[in-house]
Structures are given as structure tokens and as C-alpha cells.
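Everything below concerns the one structure shown next.
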Amino acid sequence: MMRNLFGSDQKKQESFFGKALNVLEPMYRFFSVDFPIMKLIVETKMTMDSRQENPIANTWNNKKRDEDKNPFFQSLWVYALISMLLLFLFSIDNILFQYTAFFSYVFIMLFSTLIANFSSILLNTKDQVLIGTKPVSSRTLSAAKATHVFIYLISFTVAIAGPMIAASFFFHGFMIGLMAIILTIVAAVWCLLLTIITYATVLKRFNGERLKNIIAYSQIGISVFTIVGYQIMNQVIQVVDPSTLAIELNLQWWHAIVFPLWFVAPFGILQQGWSVTYGVYVALLVIGTISIVLLYRLNNDKIELNLQKMESGEADEDKRSWYETATGNLVCWNAQEKGYYHFVWQLTKHEREFKTRLYPSLASILVFPFVFMISSLRLAEAGLESSGLLIYMPYFTMMIIPMLSTTLRYSKNYKGRWVFGISSNADAHFFFQGVIKAMTMKLIFPLYMLLSIIVLVIAGWELAVPLLNGFFLIIILFCIEVRRTLKTYPFSKQYDASEANQGCMATMIFFAIIMIAAIIMYLVQTFIPFGSIVALVILVTAAGWFLTKGFKSVILTQQY
Numbered sequence: 002m003m004r005n006l007f008g009s010d011q012k013k014q015e016s017f018f019g020k021a022l023n024v025l026e027p028m029y030r031f032f033s034v035d036f037p038i039m040k041l042i043v044e045t046k047m048t049m050d051s052r053q054e055n056p057i058a059n060t061w062n063n064k065k066r067d068e069d070k071n072p073f074f075q076s077l078w079v080y081a082l083i084s085m086l087l088l089f090l091f092s093i094d095n096i097l098f099q100y101t102a103f104f105s106y107v108f109i110m111l112f113s114t115l116i117a118n119f120s121s122i123l124l125n126t127k128d129q130v131l132i133g134t135k136p137v138s139s140r141t142l143s144a145a146k147a148t149h150v151f152i153y154l155i156s157f158t159v160a161i162a163g164p165m166i167a168a169s170f171f172f173h174g175f176m177i178g179l180m181a182i183i184l185t186i187v188a189a190v191w192c193l194l195l196t197i198i199t200y201a202t203v204l205k206r207f208n209g210e211r212l213k214n215i216i217a218y219s220q221i222g223i224s225v226f227t228i229v230g231y232q233i234m235n236q237v238i239q240v241v242d243p244s245t246l247a248i249e250l251n252l253q254w255w256h257a258i259v260f261p262l263w264f265v266a267p268f269g270i271l272q273q274g275w276s277v278t279y280g281v282y283v284a285l286l287v288i289g290t291i292s293i294v295l296l297y298r299l300n301n302d303k304i305e306l307n308l309q310k311m312e313s314g315e316a317d318e319d320k321r322s323w324y325e326t327a328t329g330n331l332v333c334w335n336a337q338e339k340g341y342y343h344f345v346w347q348l349t350k351h352e353r354e355f356k357t358r359l360y361p362s363l364a365s366i367l368v369f370p371f372v373f374m375i376s377s378l379r380l381a382e383a384g385l386e387s388s389g390l391l392i393y394m395p396y397f398t399m400m401i402i403p404m405l406s407t408t409l410r411y412s413k414n415y416k417g418r419w420v421f422g423i424s425s426n427a428d429a430h431f432f433f434q435g436v437i438k439a440m441t442m443k444l445i446f447p448l449y450m451l452l453s454i455i456v457l458v459i460a461g462w463e464l465a466v467p468l469l470n471g472f473f474l475i476i477i478l479f480c481i482e483v484r485r486t487l488k489t490y491p492f493s494k495q496y497d498a499s500e501a502n503q504g505c506m507a508t509m510i511f512f513a514i515i516m517i518a519a520i521i522m523y524l525v526q527t528f529i530p531f532g533s534i535v536a537l538v539i540l541v542t543a544a545g546w547f548l549t550k551g552f553k554s555v556i557l558t559q560q561y
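Offset between the sequence shown (1-based) and this note's numbering: plus 1.
See the structure below:
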């Protein structure tokens with residue numbers, strides 16, 4: 002009776018990932034990991050992720066969500082559908098170009114997803130406190146955390162690389178398809194272990210608040226490196242005949258710093274035969290893979306111990322800068338709204354999770370316009386003044402909106418959300434207006450202003466009105482995206498792994514909105530007489546409405 006009560010006589014069906022881990026048990030033994038305990042920790046974490054509350058609850062839908070279905074895995078089909086666009090690469094009769102573009106895409110997607118969405122899990126200090134005090138080694142705990150993240154990462158990799166790999170078997174045969182599978186898995190391992198090693202190196206040498214800042218800078222550096230690598234790849238690829246899509250790869254020795262090219266070399270050997278360049282790239286791939294594995298082997302037991310440094314050191318004082326004070330007095334027209342404005346400013350100043358998710362995207366947005374400008378000038382072979390697309394360079398700031406809107410949901414201090422429920426004068430629209438204005442003045446306005454100044458210096462002050470139009474358009478789109486994505490109070494949810502890809506999904510959805518808005522702005526300002534002035538009046542009116550009355554009708558689903 003007692004056994005039936007607790008269900009101990011019923012054999013639990015093992016999950017797919019549990020079976021996969023059993024196959025990899027010898028590898029974990031090589032890393033001196035206590036495999037049974039590690040597997041139990043991972044399975045428990047996956048179960049907890051699948052039982053997280055639905056972030057967007059429908060008040061009219063009372064259906065109980067299946068506890069065994071993880072929202073992360075349910076949304077992967079969207080990425081698989083989008084990644085099918087890569088199949089156009091097979092229309093270009095150059096296998097090196099096909100897989101150079103493919104692995105560049107894979108690395109950019111994996112690094113950006115890993116840094117933005119899973120750094121908070123890798124840098125979580127609670128596991129050491131809750132589990133580390135038990136008879137569990139730091140090496141086992143670190144391996145469990147890495148495996149937990151890798152399950153999500155490899156699932157995401159299958160979604161974004163699956164269509165291309167499946168097509169490889171069809172167009173190039175079994176050997177190429179099998180090689181694509183193996184190298185894609187190696188690429189996923191590279192992304193995870195390189196991130197862990199970077200954090201381990203930083204954790205070893207620094208502590209406290211300085212450590213948090215350096216980790217944020219390292220994430221920014223990785224993001225910038227991906228953009229710079231894209232520019233180098235643009236130099237490698239040469240279009241021979243645009244009419245027939247004939248493309249050649251001009252590989253030089255210094256291109257070896259772009260490691261995605263190392264993954265392309267085996268395909269070159271299969272198609273074109275052995276060469277010194279391909280041999281060097283393959284050797285670098287093998288040596289790099291072995292080095293990364295050995296570095297992780299030496300450091301995976303130290304990262305958990307060094308993570309406790311994250312909590313040491315004194316935090317920055319909650320002093321308001323002159324910029325925060327001045328902008329708060331300028332854009333806030335209500336005392337309650339101003340209070341929320343400063344609250345959000347200071348909260349995001351100290352939120353490590355907020356910084357690790359958002360700052361790499363900020364760095365990419367700052368670097369990519371310059372890459373875009375150089376590429377367009379190179380293709381057009383014209384001066385800066387003759388580049389019609391130069392005026393739209395600051396518009397790249399729009400790309401931060403979806404990730405920012407999604408990040409505003411979460412906070413490590415999410416349990417304080419009950420304050421909004423019991424406060425008698427907690428008007429949600431004042432809070433939302435304070436959030437919009439604080440994030441605009443703290444993040445969007447400085448970035449947009451910097452890019453606009455560069456455009457004005459190069460192209461002249463006649464572009465001032467179109468640039469103003471772009472700024473007010475960004476404010477409107479930011480307000481629309483916040484209303485679309487936030488169904489609860491900002492900063493009222495705990496971040497968990499099952500919701501890790503919502504920022505990427507929001508970006509994909511928002512991209513269509515950006516394209517439509519950019520096309521309308523271009524048509525109005527180019528073909529309508531005094532179109533820039535007309536657009537300015539409309540945009541200022543619309544932005545003013547959103548910042549004063551746009552959130553009065555907001556309906557929140559969060560229950561306190």
C-alpha cells in the first residue's frame with residue numbers, strides 16, 4: 002500500500018535526453034564527473050523548467066497546460082521554418098560558399114542565443130549554495146549546469162541547422178551530409194565551452210562588482226567579434242558573375258582568425274582535393290577542438306567555486322547621475338511617473354541578468370551600422386554623400402526593441418511584485434510610461450544620437466528632419482512592442498531556461514514590422530512633397546499620445 006501510495010513500484014519512463022546521456026556516460030567519466038548524480042540534477046532541472054508558469058496567460062482559457070511540455074521545445078519549429086531560407090544557398094554552385102554561409106549563420110545564432118539567454122544560468126550562484134553543500138563535487142555540479150544548457154543549445158542547433166543538413170544529403174550525398182552533422186555538433190560544443198572558459202578565466206582573476214562588469218564586457222567583445230568576422234567573410238567572398246550567381250572564395254592566410262572557415266575546410270578537401278590552406282585549417286580545427294576540451298577539463302571544477310565571487314564586493318551606490326536627473330525632469334510630467342522613472346533606471350543599473358541579456362545586443366547594433374556602411378560603399382564605389390542608405394544607418398537602433406521589451410519582463414527581485422498589487426495608487430500606466438521613458442533615455446537615445454551625429458557630420462544638416470522622424474518612429478514602435486509583449490508588470494517574472502528563446506522569437510516577429518515601417522518612411526520622405534515635415538508632425542503627435550495616454554487601457558493578467 003505504501004509503495005503504491007508513493008508510486009515507487011512504478012517504473013518511470015526515461016526521457017529522450019536521459020537515454021542520450023546514458024550513451025555519453027564514458028565521456029563524463031573521463032571528466033571525473035559523478036554521472037548518476039549529474040544525471041539526476043539535469044533531469045530535475047528539466048522537469049522544473051517544464052513546470053514553469055505560462056508567461057502569457059489567457060484569462061479566457063482555463064485549459065491546464067501539459068506539465069511535460071516545455072515551451073522552449075514547442076517553439077523550435079518556428080526557427081526551423083525560418084532556417085529553411087538557407088536552402089537558397091544550394092542554387093549557388095559553390096560548396097565552399099554554401100557551408101561558409103551556413104557555419105557563419107550557425108555560430109552567430111548560437112553565440113548570440115547563448116550569451117543573451119543562457120549566461121544567467123551559467124553564472125547562477127544558487128546551485129553552489131543549495132547543492133554544493135551536499136556530497137556533490139564542484140566538477141559534477143559544473144558538468145550538470147553545462148549539460149542543462151547544452152540540451153537547450155543542441156535542440157536549438159537542430160532547429161536552425163536541420164533544414165540545411167537534410168538538404169545536404171539530397172544535393173551532395175551521404176558523406177557531405179554526415180560531415181555536416183558532425184561538424185555542426187562540434188560547433189555547438191565550441192560555443193558552449195568557449196563561453197564557459199571565458200567566464201572561468203574572468204572569475205579566476207576578479208571578484209565583486211568589477212567581475213560583473215568585466216563579464217558584461219567579455220560578452221560585448223564576443224558579439225563585436227561576430228560582427229567583425231562577418232566583415233572579414235565579406236572580404237573572402239567575391240562575386241564573379243552576379244547574373245549566374247558565380248562566387249569564388251579568396252582565402253588568405255590571415256583569414257584563419259575566422260574560425261568558422263576551419264569548419265568549411267573538410268568540405269573543400271572532399272570537393273577540390275588536398276591543399277596546404279585546407280590542411281592548415283583542418284589542423285587548426287582539430288587542435289582547437291582538443292584544446293577547448295582540455296581547457297574545460299582543467300577548469301570545470303573551479304568555475305563553481307569561483308562563482309561565489311559574484312556576490313562579494315560592494316555594490317555601486319545608488320547615486321543619480323546628472324544625466325539621469327536632467328532627463329527625468331525633462332521627460333516626466335508627473336511626480337509618480339518620475340518616481341517610476343528613477344526606480345527603473347536604478348534597477349537596471351544593478352541587474353546583472355538585464356545587462357548580460359541586453360548589452361551584447363547593444364554592442365552589435367552599434368558596430369553593425371558601420372559594417373553596413375562600409376559594405377554599401379564598397380559595392381556602390383561611391384562617396385558617402387552619394388549613398389542614399391546612409392540616412393537610415395541610425396534606424397538600426399530599432400533592432401534593440403524586441404530584446405529590450407522581452408528583457409523588461411524579468412528581474413532577480415521578481416518577488417517584490419506584490420508591492421504593485423497592494424498599493425492603492427499603483428496606476429499601471431504611470432509605471433509603463435516611466436519604463437518607456439527611462440529605457441529610451443538610458444539606452445535608445447544615446448545610441449541613436451551617436452549614429453545621427455556621424456550621419457550629420459558626413460552628409461550635412463539637411464538630414465536633421467528625417468533623423469528626427471526616425472527617433473520618434475522608434476519611440477512609437479517601442480510603445481507598441483511593449484504593449485504587445487508585456488502582459489504583466491515589468492520586472493515581475495523570474496527568468497528560466499524554458500523561456501530562453503522568447504527574445505529571438507520577438508526579434509523575428511518584430512523584423513516584419515520594422516521592414517514595413519522603413520518602407521513607408523522611405524516612400525513618404527522620398528516621393529511626397531514636404532514628406533519629411535508631414536511625417537514629423539504625424540510622428541510627434543502619435544508619440545505624444547503613446548507617452549501620455551497609450552497605456553491607460555492596458556490590461557494586465559498578473560495575479561497577486
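The beta-carbon is built from N, C-alpha and C at its ideal position, and this holds for glycine as well.
Next on the checklist: Looking at the secondary structure, which residues open and close the alpha helix (DSSP H) in which Y279 lies?
Outcome noted: Working through the sequence shown from its first residue, we reach residue 279 at position 278. Element bounds for Y279: 277-300.
Checklist entry - In its own chain, which residues sit with a C-beta less than 8 Å from the C-beta of I521, not counting the 5 before and 5 after it? => result Residue mapping note: residue 521 aligns to position 520 of the sequence shown, counting from 1. Counting only Cβ-Cβ distances below 8 Å, and skipping sequence neighbours, we find nothing.
Item to check | Buried versus exposed, by CB contacts within 10 Å (16 or more), L363 | outcome: Taking the first residue of the sequence shown as 1, we reach residue 363 at position 362. By the 10 Å Cβ count, L363 comes out buried.
Item to check | Three-state secondary structure (DSSP) of G384 | outcome: The residue you call residue 384 lines up with position 383 of the sequence shown. For G384, the pLDDT reaches just 45, beneath the cut-off of 50, and the residue's location in the model is therefore unreliable, leaving the point undetermined.
Checklist entry - In three-state terms, what does DSSP make of K550? => result To locate residue 550, count along the sequence shown from 1; it is residue 549. Note: K550 maps to coil in three-state DSSP.
Item to check | Distance between beta carbons of N307 and K205, contact taken as under 8 Å | outcome: On the sequence shown, residue 205 is found 204 positions in, with the first residue counted as 1. On the sequence shown, residue 307 is found 306 positions in, with the first residue counted as 1. At roughly 6 Å, the Cβ-Cβ gap stays under 8 Å, so K205 and N307 are in contact.
Checklist entry - Counting only beta-carbon atoms, is F172 nearer than 7 Å to chain B? => result As a matter of chain content, chain B is missing from the structure shown, which is built from one protein chain.
Next on the checklist: For the structure I just gave you, are there three or more beta carbon pairs, one from the region 286-296 and one from the region 113-124, closer than 8 Å?
Outcome noted: no
Item to check | Cβ-Cβ separation, L548 to Q434 (assumed contact under 8 Å), whole Å | outcome: The sequence position of residue 434 within the sequence shown is 433, counting from 1. The sequence position of residue 548 within the sequence shown is 547, counting from 1. Right, the Cβ-Cβ distance comes to about 6 Å (below 8 Å), so this counts as a contact.
Next on the checklist: By DSSP's criteria, Y411 is part of a beta bridge. Which residues make up the other side?
Outcome noted: As a working note, residue 411 is residue 410 in the sequence shown. Y411 pairs with K494.
Next on the checklist: Rounding to the nearest angstrom, what Cα-Cα distance links P267 and F511 in this structure?
Outcome noted: Start at 1 with the first residue of the sequence shown, and residue 267 comes out as number 266. Start at 1 with the first residue of the sequence shown, and residue 511 comes out as number 510. Roughly 37 Å separates the two Cα atoms.
Item to check | CA nearest to the CA of G329, picked from S412, T441, A162 | outcome: On the sequence shown, residue 329 is found 328 positions in, with the first residue counted as 1. When each option's Cα is compared against that of G329, the closest is T441.
Next on the checklist: For a test of the three-state rule: what should DSSP assign to V420, helix, strand or coil?
Outcome noted: For the purposes of this step, residue 420 is identified with residue 419 of the sequence shown, where counting begins at 1. Note: V420 maps to helix in three-state DSSP.
Checklist entry - Can you tell me whether DSSP reads R484 as helix, strand or coil? => result Along the sequence shown, one-based indexing puts residue 484 at 483. R484 falls in the helix class under three-state DSSP.
Next on the checklist: Let's test the definition: count the other Cβ atoms within 10 Å of the Cβ of T542 and tell me whether it reaches 16, buried, or not, exposed.
Outcome noted: Counting from one through the sequence shown, the residue named residue 542 turns up at place 541. Exposed is the call here.
Item to check | Nearest residue (CA-CA) to D94, options F172, P72, Y29, V43 | outcome: Sequence index remark: in the sequence shown, residue 94 carries index 93 (1-based). Considering only alpha carbons, the answer is F172.
Checklist entry - Which same chain residues, not among the five before or five after K550, have their C-beta less than 7 Å away from its C-beta? => result What you label residue 550 is simply residue 549 of the sequence shown in a count that begins at 1. Correct list: empty, nothing qualifies.
Item to check | Burial state of I476 (16 or more Cβ within 10 Å) | outcome: Walking along the sequence shown from the start, residue 476 turns up at place 475. Buried: at least 16 other Cβ atoms inside 10 Å.
Checklist entry - Excluding five sequence neighbours on each side, which residues of the same chain lie with their C-beta closer than 8 Å to the C-beta of L184? => result Counting from one through the sequence shown, the residue named residue 184 turns up at place 183. If we look at L184 and ignore the five residues flanking it on each side, its Cβ neighbours are F104, F264, P267.
Item to check | Of the listed residues F175, I152, F170, nearest to I186 (C-alpha basis) | outcome: Counting from one through the sequence shown, the residue named residue 186 turns up at place 185. Ranking F175, I152, F170 by Cα distance to I186 puts I152 first.
Next on the checklist: Just to check my reading of the structure: E44 and S16 have Cβ atoms closer than 8 Å, yes? What is that Cβ distance to the nearest angstrom?
Outcome noted: As a first step, residue 44 is located in the sequence shown; it is residue number 43 there, counting from the start. As a first step, residue 16 is located in the sequence shown; it is residue number 15 there, counting from the start. With a Cβ gap of about 7 Å, E44 and S16 count as contacting.
Next on the checklist: Rounded to whole angstroms, what is the Cα-Cα separation between S412 and V436?
Outcome noted: Here residue 412 refers to the residue found at position 411 of the sequence shown. Here residue 436 refers to the residue found at position 435 of the sequence shown. If I take the Cα positions, the gap works out to 14 Å.
Next on the checklist: How far does the alpha helix (DSSP H) with A201 in it extend, from its first residue to its last?
Outcome noted: Translated into positions along the sequence shown, residue 201 becomes position 200. Segment 175-206, the alpha helix (DSSP H) holding A201.
Checklist entry - Among L469, F91, S493, which has the Cα closest to the Cα of G417? => result Translated into the one-based positions of the sequence shown, residue 417 becomes position 416. Closest option to G417, Cα to Cα, is S493.
Checklist entry - Helix, strand or coil for R353 per DSSP? => result Within the sequence shown, the letter at position 352 stands for residue 353. It is helical.
Next on the checklist: DSSP three-state label for V34, please.
Outcome noted: Within the sequence shown, residue 34 is the residue found at index 33, counting from 1. Three-state DSSP puts V34 in coil, outside helix and strand.
Checklist entry - Nearest CA to the CA of L468: which residue from L452, K20, M176? => result In the sequence shown, the residue the question calls residue 468 occupies position 467. The option with the nearest alpha carbon to L468 is L452.
Checklist entry - Between F73, P403, V159, which lies nearest to F119 when the distance is taken from Cα to Cα? => result As a working note, residue 119 is residue 118 in the sequence shown. Residue F73 is the option with its Cα nearest to F119.
Checklist entry - Helix, strand or coil: which one does DSSP assign to L321? => result For the purposes of this step, residue 321 is taken as the residue at position 320 of the sequence shown. It should be pointed out that residue 321 corresponds to Arg in this sequence rather than to Leu. Note: R321 maps to coil in three-state DSSP.
Checklist entry - What number of angstroms, rounded off, separates the C-alpha of M47 from the C-alpha of T527? => result Taking the first residue of the sequence shown as 1, we reach residue 47 at position 46. Taking the first residue of the sequence shown as 1, we reach residue 527 at position 526. Whole-angstrom Cα-Cα distance: 53 Å.
Item to check | Per-residue DSSP class, three states only, for F260 | outcome: In the sequence shown, counting from the first residue as 1, residue 260 sits at position 259. Of the three classes helix, strand and coil, the one that applies to F260 here is coil, per DSSP.
Checklist entry - With burial defined as no fewer than 16 other Cβ atoms inside 10 Å of the residue's Cβ, what is the status of S84: buried or exposed? => result For this step, residue 84 is matched to residue 83 along the sequence shown. Classification for S84: buried.
Item to check | G435: first and last residue of the uninterrupted alpha helix (DSSP H) it sits in | outcome: One-based indexing of the sequence shown puts residue 435 at position 434. Here the alpha helix (DSSP H) through G435 covers 429-440.
Item to check | Counted within 10 angstroms of its Cβ, other Cβ atoms place E386 as buried (16 or more) or exposed | outcome: Counting from one through the sequence shown, the residue named residue 386 turns up at place 385. Residue confidence is low: E386 scores 44 on pLDDT, short of 50, so the model does not pin down where it sits. Its coordinate-derived value is still stated next. Under this definition E386 is an exposed residue.
Next on the checklist: Between the alpha carbons of H149 and L22, how many angstroms are there, rounded?
Outcome noted: Indexing the sequence shown from 1 puts residue 149 at position 148. Indexing the sequence shown from 1 puts residue 22 at position 21. Those two C-alpha atoms are separated by around 11 Å.
Next on the checklist: If contacts are defined as beta-carbon pairs under 8 Å, then L123 and K146 qualify, I think. What distance do you get, rounded to the angstrom?
Outcome noted: Sequence index remark: in the sequence shown, residue 123 carries index 122 (1-based). Sequence index remark: in the sequence shown, residue 146 carries index 145 (1-based). Confirmed, about 6 Å.
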